[in-house]
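Q: With this note's numbering, letter number 15 in the sequence shown gets 537, and the count goes up by one each step, no holes.
The beta-carbon is built from N, C-alpha and C at its ideal position, and this holds for glycine as well.
Right, I'll just put the structure down here and ask away after.
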Amino acid sequence: SNVKGFEGHYIVNGDTIDYFSATENANSIAMYEKEIDDVEYLEVSATTRQDATSIEIKVYRDDKKVKSSQTNIEDPFEPTILNLEYSIGEEDEEATSS
């Protein structure tokens, strides 16, 4: 996320919900990274904090980006929710070509 942080959750293989959050660093960028083994299906949801300007979710497999979702925020005073679902074998051609 740019300018402000975010919070959210992820679910691996339909199991339990794990929560995360991130605050912005000195460069006004907030990041959260998590390495997960044995993923067949992944759901991620992230919600921006007020004044954020964009948010992106990226999924990597074997050090290659396989899927991503991004949005620029039109109203920074309202939280924006970004969701992403990924199933093994599903690969976003645009994500893998960049």
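With a 10 Å radius around its C-beta and 16 neighbouring C-beta atoms as the bar for buried, classify LEU606 as buried or exposed.
A: For this step, residue 606 is matched to residue 84 along the sequence shown. Classification of LEU606: buried, given that the 10 Å Cβ count is 16 or more.
Q: Starting from the Cα of GLU555, find the closest Cα among GLU596, THR602, THR545 and GLU562 and give me that residue.
A: Counted from its first residue, the sequence shown places residue 555 at position 33. Residue THR545 is the option with its Cα nearest to GLU555.
Q: On the three-state DSSP scale, how would you describe GLU600?
A: Here the question's residue 600 lines up with position 78 in the sequence shown. For GLU600, the three-state secondary structure derived from DSSP is coil.
Q: Taking 8 Å as the cut-off, is the beta-carbon of TYR541 closer than that to any non-hydrogen atom of the ligand HEM?
A: Questions concerning the ligand HEM fall outside what the structure shown contains, since it holds no ligand whatsoever.
Q: Any idea what DSSP makes of SER619, helix, strand or coil?
A: Sequence index remark: in the sequence shown, residue 619 carries index 97 (1-based). Below a pLDDT of 50, predicted positions are generally treated as unreliable, and SER619, at 48, falls in that range; the measurement from the model is reported next regardless. Three-state DSSP puts SER619 in a helix.
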